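Colleague: Handing you this structure, nothing more for now.
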Amino acid sequence: MSDGVMSALTTKLPLWQVEPAFGEDTKLVLIVRTDLGMTKGKVAAQCAHAALGCYKRALKQSPAVLKAWEYTGQAKVTLKVNSEEEMLELQRRAASLGLVAQSICDAGRTQIASGSRTVLGIGPGPISLVDKVSGHLKLY
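See the structure below:
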């Protein structure tokens, strides 16, 4: 990322100046395991954990991308996978591309077994990169 992009994203600029400086829209995807049979409330809580985890990682790993995401509406998309194996493969692929990737392991206090991976968050990141990992998945 150029110095011009970095300086644009570390100052409070109007939206119309930030988006062109970064050059691409950004998004965060939340990938839910459907094989666990979680209730809607459980899924919502696990997605919140994943979103917060991704945000905290992005503060350190990719602050300029995080700033662009914050200034451009914080797009979030919820997708689904059928297994832990599929989720782990997506996490590996995201990490290999330098994207923030945070999986959530449940504490096991309510509906599912302790240690079960429930949701994978990827991003925020440039849409083209995030889609290389999750573009084939269906909406949750």
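Under this note's numbering, think of the first position of the sequence shown as -11, with each following residue one higher. For every residue, glycine included, the Cβ atom is placed at its ideal position computed from N, Cα and C. Remember, it's a predicted structure, so these values are computed and weren't measured experimentally.
Could you tell me which of Gln99, Asn70, Glu12 sits nearest to methionine 26, measuring between CA atoms?
Modeller: As a first step, residue 26 must be located in the sequence shown, where it is residue number 38. Among Gln99, Asn70, Glu12, the Cα nearest to that of methionine 26 is on Gln99.
Colleague: Would you decide whether serine 102 is buried or exposed? Buried here means 16 or more other CB atoms lie within 10 Å of its CB.
Modeller: Working through the sequence shown from its first residue, we reach residue 102 at position 114. Its Cβ having fewer than 16 others within 10 Å, serine 102 is exposed.
Colleague: Does the contact criterion of 3 or more C-beta pairs under 8 Å hold for the stretch 55 to 68 versus the stretch 108 to 126?
Modeller: The stretch 55 to 68 vs the stretch 108 to 126: in contact.
Colleague: Got a sec, what are the start and stop residues for the beta strand (DSSP E) glycine 109 sits in?
Modeller: The residue you call residue 109 lines up with position 121 of the sequence shown. Unbroken beta strand (DSSP E) run through glycine 109: 105 to 114.
Colleague: State yes or no: is the C-beta of leucine 40 within less than 9 Å of the C-beta of valine 107?
Modeller: Here residue 40 refers to the residue found at position 52 when the sequence shown is read from its first residue. Here residue 107 refers to the residue found at position 119 when the sequence shown is read from its first residue. No, the pair does not count as a contact, with Cβ atoms beyond the cut-off.
Colleague: Which same chain residues, not among the five before or five after tyrosine 128, have their C-beta less than 7 Å away from its C-beta?
Modeller: Within the sequence shown, residue 128 is the residue found at index 140, counting from 1. The answer, listed in chain order, is Val20, Thr66, Leu67, Lys68.
Colleague: Does the distance from the CB of alanine 95 to the CB of valine 88 come in under 9 Å?
Modeller: As a first step, residue 95 is located in the sequence shown; it is residue number 107 there, counting from the start. As a first step, residue 88 is located in the sequence shown; it is residue number 100 there, counting from the start. No, they are not a contact pair.
Colleague: Nearest-angstrom Cα distance between lysine 126 and threonine 22?
Modeller: Here residue 126 refers to the residue found at position 138 of the sequence shown. Here residue 22 refers to the residue found at position 34 of the sequence shown. The straight-line gap from Cα to Cα measures roughly 11 Å.
Colleague: So what does DSSP say about arginine 81, is it helix, strand or coil?
Modeller: Translated into the one-based positions of the sequence shown, residue 81 becomes position 93. Of the three classes helix, strand and coil, the one that applies to arginine 81 here is helix, per DSSP.
Colleague: Could you check the C-alpha separation between arginine 80 and threonine 14 for me, to the nearest Å?
Modeller: Locating residue 80 in the sequence shown gives position 92, where the first residue counts as 1. Locating residue 14 in the sequence shown gives position 26, where the first residue counts as 1. Answer to the nearest angstrom: the Cα atoms are 20 Å apart.
Colleague: Roughly how far, in whole angstroms, is the beta-carbon of isoleucine 92 from the beta-carbon of alanine 46, given that I think they are within contact range, below 8 Å?
Modeller: By one-based count along the sequence shown, residue 92 stands at place 104. By one-based count along the sequence shown, residue 46 stands at place 58. So it is not a contact: roughly 16 Å between Cβ atoms.
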